[in-house]
Amino acid sequence: MQPYTEDDYAAQLLQLLPQGPAWPRDPEAVLTALARALAMEPARVDATGHRLLAEMDPAQALALLPEWERVCGLPDGCSQPGETIAERRENVVLRLSARGGQTPEYYAELATLLAGGVCTVREYRPFRVGHSAVGQPLSNGAWVHTFTIGAPSVPVRGFAVGAGAAGEPLRRWGHERLECVIRRLKPAHTHVIFTYGAASAQQGATHA
């Protein structure tokens with residue numbers, strides 16, 4: 121069901137008026153212009169009411185976006201200054217849909233969502249005589265508790281008409297939020313390294 125327009129409300133107002141020569145209905149009449157002026161506000165309210173149906177979905181929210189952010193505890197320490205409407209919606213959806221986990225697959229999926237491209241996780245197993253081959257790295261010590269996130273090249277996010285708002289930058293780039301969120305959610309005893317570029321994103325999930 122579509123909201124009523126100004127013309128719809130103006131037609132209804134005119135139908136409520138008396139009949140006769142003093143109440144003309146032709147499009148150029150002053151009375152018709154008055155009806156259209158009076159119809160502007162109910163049409164605006166009707167459109168706003170229909171818009172609230174979309175606000176129930178955080179991926180489409182605009183007027184209620186600050187309320188969605190409040191419910192999700194956003195902005196947080198990883199929020200970036202000058203985030204666009206689209207990025208703020210993505211942050212809300214990510215917070216609501218997050219399941220948590222500590223597996224390589226979980227961090228690869230999370231990094232992919234944050235980076236906007238396929239990411240991989242590379243783990244480092246300790247070098248063991250009799251199990252490891254000649255030429256493999258001596259990944260002992262702290263390397264046992266280290267993993268690498270391989271992400272695509274640093275993205276350039278452009279302004280999109282319909283998804284952005286006045287005052288937003290025409291270009292934004294960087295993976296600051298990706299690195300911040302991963303560091304915040306990683307196990308406390310681990311270290312994480314970030315690499316960028318097509319080759320990094322195509323690395324295998326595990327390094328033996």
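With the first letter of the sequence shown counted as 1, position 50 gets the number 170 in this note's numbering; the numbers rise by one all the way through.
We put the beta carbon where it would ideally sit given N, CA and C, even for glycine.
Status (buried if at least 16 other CB within 10 Å, exposed otherwise) for residue i
i	result
G264	At residue 264 the sequence reads Val, which differs from the Gly that was named. Flag for V264 reads exposed.
G270	buried
V238	exposed
R330	The structure shown does not extend to residue 330, since the chain spans only 121 to 328, so no value can be given for it.
G262	Checking the displayed sequence, the identity of residue 262 turns out to be Ala instead of Gly. Burial call: exposed.
T168	exposed
V241	buried
E189	buried
T326	Any reading at T326 needs caution, since the residue's pLDDT is 44, under 50, leaving its predicted position unreliable; the model's value is listed next. Exposed: under 16 other Cβ atoms inside 10 Å.
L154	exposed
H295	buried
R297	buried
L182	exposed
V274	exposed
V212	buried
L234	buried
A231	buried
A308	exposed
A142	exposed
V165	exposed
T223	exposed
V301	buried
Residue i, DSSP secondary structure in three states
i	result
Y124	coil
V274	coil
P224	helix
A235	helix
A218	coil
A262	helix
R248	coil
Cross-strand partners of residue i (DSSP beta bridge)
i	result
I269	V241 and F314
Distance cut-off 7 Å: residue i Cβ against heavy atoms of the ligand GDP
i	result
T315	The ligand GDP is absent from the structure shown, which contains no ligands of any kind.
Self-check item: Touch test, the stretch 145-152 against the stretch 174-184, Cβ-Cβ under 8 Å, three pairs minimum
Solution: no
Quiz item: Which whole runs of the alpha helix (DSSP H) in the stretch 174-210 are 4 residues long or more, in chain order?
Solution: 185-192
Practice problem: Kindly provide the ranges of any alpha helix (DSSP H) runs that are 4 or more residues long and lie completely inside the stretch 130-182, ordered along the chain. | Solution: 150-175
Quiz item: Three or more C-beta pairs closer than 8 Å, one from the stretch 157-175 and one from the stretch 122-130: is that the case here?
Solution: yes
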